[in-house]
Amino acid sequence: MPAGDYLQEPPMTALRFAIRQLTGSPGFTAVAVITLAAGIGLNTAMFSVLNTFLLRPLPIDESERVFRLDRVSAQDPEGSHRGPNYLEIERRTRDVAELAAYLHWGYTIAEPGRSARYIECLRVSARFFDVFRIQSALGRAFRPDQDAEGHNGVIILSDSFWRSRYNADPNVVGRIVRLDREQVEIVGVLPASAEVRPLFGVVDVYRPLGLTEEERSFRSETLFRILGRYRPGVSAAEAQARFEVVAGQLAADRPQENSGLALRAAPIQSTVQNNAGTTIMLLLVGLSGFVLLIACANLANLLMVRAVMRSREFAMRAALGASTSQLVRPVAIESLLLAAAGGVSSWLLSIWITDWLARQLSGDGPPLAFPVDWRVLAFGSLGAVITALLVGVAPAWVVSRINANEVLKSGARGMTGGPSHSRFRTALIVTQVALTLVLLAGASTFGYGIRRLLTPDVGWSPAPLLAGRLLLAGHDNERERLIFFRRLQKRLAVLPGVRTASVDVDLPLFGFLPGQRAYVVEGRERPAPGKEATALTNLVSPEYFDTVGTRIVLGRGFLPTDRRDSHRVAVINEAMANALFPREDAIGHRLGRVDKDPEWAEIVGIARDVRFVSLEAPPTAFQVYKPLEQEPWGFVMATVRAADGVSTAALAEPFRRAVAELDPDVAILNLQPVPALIAKDNRPLVVVNQLLAGFAALGLFLAALGLYGVIARLVTQRAPEIGIRIALGATFGQVVSLIVGAGFRMMLFGVAAGLFGAVALTRIINSRLPGLASNNAVTVSIAAALLTTVAALACYVPARRAARVDPLAAIRSE
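Here the sequence shown is numbered in the numbering used here, starting from 6 and rising by one per residue.
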């Protein structure tokens, strides 16, 4: 065949030649494809998660015109609304927006012949379904008159609850069921498309808002979310201007309750994105990208060595007249084939990863899914293309710089590459080490923070506590509640194996349920609106502090005599005492509410600060405790502390019996040991931690493999020199030091380069996820030490083999 015909081979011939080259080296090809599949698959899976939670639009008709109306203050930029304000805002803005209110609620549902169970309910105003453009699949929607108390004895079922509870019975409409102790009628079933879990979570039934007389007044602590849809022809800016006017009017009408009131309409899509969740998803995508870059650098090194090994082949092609593009084409096709095979394999891996994630994150709840849409397809395809470019650059660069005359004259030495090739390979290794250090630092920071978060030891002791949320069906008035609370506390306290027991509104898990309240100190000038001291407030029994292990550092806790008919008292935490009373004793001063009747409460004690189990920093460092006897909520937790040597699991059944003996209609929600409750609610964080640990392990393995390959290649190139050194008397240690030293120099350059990125990443994690904050120096040092140890081992193995080489055989290899 003439030279020109040989060089102008058809594309299919070139493709078949590239396939033969790859299948002729099955070990190399398998390693390359697996490496790329791991890198691309991880990235595609992580992007699929990010796409599901952040990028995919909510399943709402014209979702860009739907918004959430927040009450904005300096203390809470995403606040909820009291009933009277909702009613006035809705009335004064009907010409610019359709507004609806909703509130999460819990009930016990019971029917003849079926066991009672707790259900999640969404109390909604009549226009709620109009705002979301939802029509019932069966039955009807709510009527406007059913927003009023006494007219809301109806419910609508969600599709999932209809199927799980009633086996999709089409005759369910009209059936009478009991919610707590009230008879209600099922009037409809919603379609599956109406379930917007990112926005509302799991909802079993919907019920009309049915505002009580108290909820229509500022006396009520009940808070409502407001959603809306802009009227046709009304822009977001026009509606926002109206909301600002109405906020000013409400502040003028009721200055005590609405001082500093501001309203802001937030696009509905943005409301499902919280800072912590967004940060974690971006962290996963970013660090999985580092894994892909490490994999690309590793494969580029392998392809570069492979190209050098084939330098005589390319030199002969060049001698026959091949141009640079004709020389590069075979290695480019091989890179594309590897990237294509890795890309196809990556889809299988990404599907497996997302399925595993869905199972892990779902837990006992409804199944999650991470659907593949055009964004995921585009991302995976783009990842494969970019990978092909990244891994193809190195061998193409080697081939393009071949000097045919030198290679053909030099014989075997022409296959070692030159100094420029060595520098390029060194740069790739330094890059791998630097990226791996950043990856390890991020994973170790997150892992250390998760361990610290799930074992809270500041201000309280979660073990050995057993706690359950109580739903007081039928205990509608305060007197009944108080009697039940007292009897239950006494009953639980005398159970065998129980040291102490308490009945309180909340535990220091994710923040106190009553939420933030603004306070002023009696006798002091009132701060400007929005500048008042706000504190997370809990309503507790006298036994609370002993039960949860929060120490009173000054003064006293609550007494059985601190009741509704006695003067009001409060306990504050150290942070609040130090801030409000820096040069005086806080005991004896009185605190009052800002947004309603002050109800002055005397400070009788100061408690240790407690840390909540939350990724984000609490909205305030101040904490206030008040007696449940003086403000008897109906949504409480009962908690017992086990005596020494007693398992909390063994107390669960006696706990249930004690509640049932007092009132069989009281449902217990989530009765379990508090450490298990913390772990369950933070399951997603544990899964993320496992993912990051996997990323770090894979990145570390690839970096070690790359470093091992370069050192092994170095040993091969310098075999004659090593043989001469041994023949001249070099010891085992001297030869090992020579080889390991070369690897250590690359490793140290990589660590030095990676330190900047590692420190920057740990600072970002600490600032964006305060609940995981840790010492930057410690986590980065741990990551650097681990990387150095593994790198040393990767260098030592080929160095040890080199030190044991037969000097005569090594010299002859020249």
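Even for Gly, the Cβ is constructed at its ideal location relative to N, Cα and C. Owing to the predicted nature of the structure, the values given are computational and were not obtained by experimental measurement.
Secondary structure of residue i, DSSP reduced to three states
{"i": "Arg418", "result": "Unreliable placement is indicated for Arg418, whose pLDDT of 48 sits below 50; the coordinate value is still reported in the next sentence. Residue state, collapsed to three classes: helix."}
{"i": "Leu477", "result": "coil"}
{"i": "Arg364", "result": "helix"}
{"i": "Ile716", "result": "helix"}
{"i": "Gln188", "result": "strand"}
{"i": "Asp66", "result": "coil"}
{"i": "Arg247", "result": "helix"}
{"i": "Arg170", "result": "helix"}
{"i": "Arg119", "result": "strand"}
{"i": "Thr392", "result": "helix"}
{"i": "Val129", "result": "strand"}
{"i": "Val802", "result": "helix"}
{"i": "Val207", "result": "coil"}
{"i": "Leu373", "result": "coil"}
Candidates the options: closest to residue i by CA position
{"i": "Val609", "options": "Gly562, Arg646 and Gly704", "result": "Gly562"}
{"i": "Gln254", "options": "Ala584, Lys536, Arg96 and Ser68", "result": "Arg96"}
{"i": "Arg128", "options": "Gly215, Gln140 and Gly593", "result": "Gly215"}
{"i": "Phe166", "options": "Glu125, Glu339 and Arg183", "result": "Glu125"}
{"i": "Ala647", "options": "Val553, Lys536 and Ser240", "result": "Val553"}
{"i": "Thr276", "options": "Ser466, Leu74 and Ile139", "result": "Leu74"}
{"i": "Phe761", "options": "Ser351, Ser130, Leu60 and Leu440", "result": "Leu440"}
{"i": "Phe223", "options": "Ala244, Arg315, Arg87 and Phe229", "result": "Arg87"}
{"i": "Glu530", "options": "Pro775, Ile731 and Leu585", "result": "Leu585"}
{"i": "Val741", "options": "Thr113, Arg723, Glu220 and Val756", "result": "Arg723"}
{"i": "Val764", "options": "Tyr123, Ser198, Thr450 and Glu83", "result": "Thr450"}
{"i": "Ser626", "options": "Ala643, Gly593, Asn583 and Leu487", "result": "Looking at the sequence itself, residue 626 is Ala, so the reference to Ser does not match. The residue with the shortest Cα to Cα distance from Ala626 is Asn583."}
{"i": "Ala270", "options": "Arg322, Gly776 and Gly84", "result": "Gly84"}
{"i": "Thr505", "options": "Ala681, Leu41 and Phe660", "result": "Phe660"}
{"i": "Arg430", "options": "Pro400, Leu458 and Glu67", "result": "Pro400"}
Span of the beta strand (DSSP E), counted from its first residue to its last, around residue i
{"i": "Leu640", "result": "First, the residue type needs correcting, since residue 640 is Phe and not Leu in the sequence shown. Note, Phe640: beta strand (DSSP E), Phe640 to Ala647."}
{"i": "Gly738", "result": "That residue, Gly738, is in no beta strand (DSSP E); its alpha helix (DSSP H) goes Phe737 to Arg773."}
{"i": "Trp465", "result": "No beta strand (DSSP E) contains Trp465, which DSSP labels as neither H nor E."}
{"i": "Ile557", "result": "Ile557 to Gly560"}
{"i": "Ala540", "result": "Ala538 to Val545"}
{"i": "Asn578", "result": "Val574 to Asn578"}
Where residue i falls, given that 16 or more other Cβ within 10 Å makes a residue buried
{"i": "Asn172", "result": "exposed"}
{"i": "Phe72", "result": "buried"}
{"i": "Arg99", "result": "exposed"}
{"i": "Thr767", "result": "buried"}
{"i": "Lys536", "result": "exposed"}
{"i": "Gln261", "result": "exposed"}
{"i": "Gly388", "result": "buried"}
{"i": "Asp570", "result": "exposed"}
C-alpha gap between residue i and residue j, whole angstroms
{"i": "Gly464", "j": "Val499", "result": "26 Å"}
{"i": "Ala747", "j": "Ile407", "result": "26 Å"}
{"i": "Ser652", "j": "Leu690", "result": "26 Å"}
{"i": "Ala19", "j": "Gly44", "result": "27 Å"}
{"i": "Val377", "j": "Asp360", "result": "12 Å"}
{"i": "Glu658", "j": "Pro469", "result": "16 Å"}
{"i": "Ala540", "j": "Arg484", "result": "27 Å"}
{"i": "Met17", "j": "Met309", "result": "24 Å"}
{"i": "Arg418", "j": "Arg730", "result": "A caution first: Arg418 carries a pLDDT of 48, below 50, which makes its placement in the model unreliable, though a value can still be read off. If you take the alpha carbons of Arg418 and Arg730, they lie about 19 Å apart."}
{"i": "Ile673", "j": "Ala153", "result": "29 Å"}
{"i": "Pro803", "j": "Gly711", "result": "12 Å"}
{"i": "Arg556", "j": "Glu527", "result": "26 Å"}
{"i": "Phe517", "j": "Val615", "result": "11 Å"}
{"i": "Pro213", "j": "Ile299", "result": "56 Å"}
{"i": "Met420", "j": "Met314", "result": "Any reading at Met420 is ruled out, since the residue's pLDDT is 49, under 50, leaving its predicted position unreliable."}
{"i": "Asn263", "j": "Arg61", "result": "37 Å"}
{"i": "Gly194", "j": "Ala142", "result": "Looking at the sequence itself, residue 194 is Val, so the reference to Gly does not match. Rounded to the nearest angstrom, the two C-alpha atoms are 6 Å apart."}
{"i": "Gln274", "j": "Thr57", "result": "12 Å"}
Span of the alpha helix (DSSP H) around residue i
{"i": "Thr505", "result": "Counting along the chain, Thr505 falls outside any alpha helix (DSSP H), though it belongs to the beta strand (DSSP E) covering Val503 to Asp509."}
{"i": "Phe134", "result": "Phe133 to Val136"}
{"i": "Ala302", "result": "Asn280 to Met314"}
{"i": "Arg96", "result": "Gly88 to Arg97"}
{"i": "Ala498", "result": "Glu483 to Ala498"}
{"i": "Ile731", "result": "Ala724 to Ala732"}
Distance cut-off 7 Å: residue i Cβ against heavy atoms of the ligand GTP
{"i": "Phe229", "result": "Annotation note on the ligand GTP: not contained in the displayed structure, which lists no ligands."}
Closer than 8 Å to chain C by CB, residue i
{"i": "Gln26", "result": "Looking for chain C here will not work: only one protein chain is present."}
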